[in-house]
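For the sequence shown, the numbering used here gives the first residue as 2, with consecutive numbering after it.
Every residue, glycine too, gets a C-beta built ideally from N, C-alpha and C.
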Amino acid sequence: MADKNINITLKIWRQKSAKSKGKIETYKLNNVSQASSFLEMLDQLNEELINGGKEPVAFDHDCREGICGMCSLYINGQPHGPDRAVTTCQLHMRSFNDGDTIYIEPWRSAAFPVIKDLVVDRSAFDRIQQAGGYVSVDTSGNTVDANATPVPKFDADRAFDAAACIGCGACVAACKNGSAMLFVGAKVSQFALLPQGKVEATKRVQKMVEQMDEEGFGNCTNTRACEVECPKEISLENIARMNREYLSAKIGSEQ
Ligand code: SF4
Ligand code: FES
Numbered sequence: 002m003a004d005k006n007i008n009i010t011l012k013i014w015r016q017k018s019a020k021s022k023g024k025i026e027t028y029k030l031n032n033v034s035q036a037s038s039f040l041e042m043l044d045q046l047n048e049e050l051i052n053g054g055k056e057p058v059a060f061d062h063d064c065r066e067g068i069c070g071m072c073s074l075y076i077n078g079q080p081h082g083p084d085r086a087v088t089t090c091q092l093h094m095r096s097f098n099d100g101d102t103i104y105i106e107p108w109r110s111a112a113f114p115v116i117k118d119l120v121v122d123r124s125a126f127d128r129i130q131q132a133g134g135y136v137s138v139d140t141s142g143n144t145v146d147a148n149a150t151p152v153p154k155f156d157a158d159r160a161f162d163a164a165a166c167i168g169c170g171a172c173v174a175a176c177k178n179g180s181a182m183l184f185v186g187a188k189v190s191q192f193a194l195l196p197q198g199k200v201e202a203t204k205r206v207q208k209m210v211e212q213m214d215e216e217g218f219g220n221c222t223n224t225r226a227c228e229v230e231c232p233k234e235i236s237l238e239n240i241a242r243m244n245r246e247y248l249s250a251k252i253g254s255e256q
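Encoded structure:
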C-alpha cells in the first residue's frame, strides 16, 4: 500500500528540568508522511514549535540507524513503540494511521532520572560498563593476532548475539522491577564466552553486578518483559549465564 500523509495527535511528556514537575501536553500535527521515521516526525513537530516561538521537545538521538541506543522513548506504553526488534529511530510512521493519538514518554525508571522532556540520564549504564565491561589489552607491541586463538563457532555466535546489545535501556524501562539484568547479562556474556574474556571473567562479573546493585536497579523475577521489548532480541539465556558466572566467581573467591 502506498504511503500517504496523515494527521495525528501527540501527547508528549514535557518537563523543564530534572527538578521540575512534568506533565503530558497535547499537539496536533498534520501532513506527516508515513514514509518518515518516528524521529523525523518529531523533527517536524519541533520545526512547527520553533516557528511558533515555542520551546521544542528535547529527545535523544544520534545514529538514527539502530546502533547507538540513544533514541529511547516509550511510545503508546511500549519501549521503542509497537514494532518488534525495532529501535525508535527505525520505526516508521506507516506503523500509525490517520487520526491516531500517540503517547510519547521518557523511560520510566528510578535509575534513569529525567533530565528534560524525553531525555533521561542513562549514565548508570556507563558506570556498570566502566566497572568491568572490557578486556584489558597488552598494547606493548607483543599483542597476539586475534585469529591465532580459535573460538568454537557455537561460542562465537552466542558472543556475537550478546554483543548486539546497544545499551538503550528498554529492558530496564519494560521491567516492573527496573532490572538491568538483561543488559548486564549481555555485557558479561559477550566476554565470558570468548577465550580473550575468560582471563578477567571472575573479577568482571562481580564488579559489574556490584555496580548494577549500587545504581539501584531492581532484581529479575523472570517476567521476560525485557526480552520481548529488546530491539536487539537479546535472549534471557544471557541472564542465566551471568548468574552462573557470578555464582562460580563468588564460590571461587571464597575458597
Ligand atoms: S539488552 Fe536490549 S533492551 Fe537492554 S540495553 Fe541491550 S539492546 Fe537495549
Ligand atoms: S538513534 Fe541510534 S539507535 Fe536510534
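For residue i, the first and last residue of its enclosing alpha helix (DSSP H)
i, result
"E238", "E238 to S254"
"G47", "In the sequence on display, residue 47 carries Asn and not Gly. N47 -> alpha helix (DSSP H) spans F39 to N52."
"E215", "A202 to E215"
"S320", "Any question about residue 320 goes unanswered here, given that the chain covers just 2 to 256."
"R95", "It is not in any alpha helix (DSSP H) - R95 carries neither H nor E in the DSSP assignment."
"K188", "M182 to A193"
"E230", "A226 to E230"
"K199", "P196 to K199"
Bounding residues of the beta strand (DSSP E) (the contiguous stretch that carries residue i)
i, result
"V115", "V115 to K117"
"S34", "K24 to S34"
"W14", "N6 to R15"
"I105", "T102 to E106"
beta-carbon residue i near the ligand FES non-hydrogen atom, thresh 8 Å
i, result
"H93", "no"
"C72", "yes"
"E201", "no"
"L40", "yes"
"E26", "no"
"D63", "yes"
"C90", "yes"
"E56", "no"
"E66", "yes"
Exposure of residue i, with buried meaning 16 or more beta-carbon neighbours within 10 Å
i, result
"S266", "No answer is possible for residue 266: it lies beyond the span of the chain, which begins at 2 and ends at 256."
"K5", "exposed"
"A138", "Checking the sequence shown, residue 138 turns out to be Val, not Ala. So V138 counts as exposed."
"D118", "buried"
"A174", "buried"
"I252", "exposed"
"S73", "buried"
"A132", "buried"
Closer than 8 Å: residue i CB and nearest the ligand SF4 heavy atom
i, result
"G168", "yes"
"F218", "no"
"I105", "no"
"K330", "Look at the range of the chain in this structure, 2 to 256, and you will see that residue 330 is not part of it."
"V189", "no"
"V210", "no"
"P83", "no"
"C227", "yes"
"C69", "no"
"A250", "no"
"C172", "yes"
"E230", "yes"
"L50", "no"
"A165", "yes"
"L183", "yes"
"F97", "no"
"F126", "yes"
"P196", "no"
"P80", "yes"
Open item on the list: Below 8 Å, how does it come out for the stretch 38 to 53 and the stretch 127 to 139: are there three or more Cβ pairs, yes or no?
Closed with: no
Q) Would you say the stretch 107 to 119 touches the stretch 214 to 222, given that touching needs at least three Cβ pairs under 8 Å? A) yes
Are there three or more Cβ pairs, one per stretch, closer than 8 Å when the stretch 236 to 246 is compared with the stretch 185 to 199? yes
> Fully enclosed by the stretch 149 to 178, which alpha helix (DSSP H) runs are 4 residues long or longer?
Replying inline: Runs of the alpha helix (DSSP H) inside the stretch 149 to 178: 154 to 164 and 171 to 175.
Exercise. Count the CB pairs spanning the stretch 67 to 86 and the stretch 132 to 146 that are closer than 8 Å, and state whether there are at least three.
Key: no
### Message
Counting beta carbon pairs with one atom in the stretch 146 to 160 and one in the stretch 206 to 215, are three or more of them shorter than 8 Å?
### Response
no
Q.
I'd like to know if the stretch 86 to 93 and the stretch 14 to 34 are in contact, where contact means that at least 3 CB-CB pairs between them fall below 8 Å.
A. no
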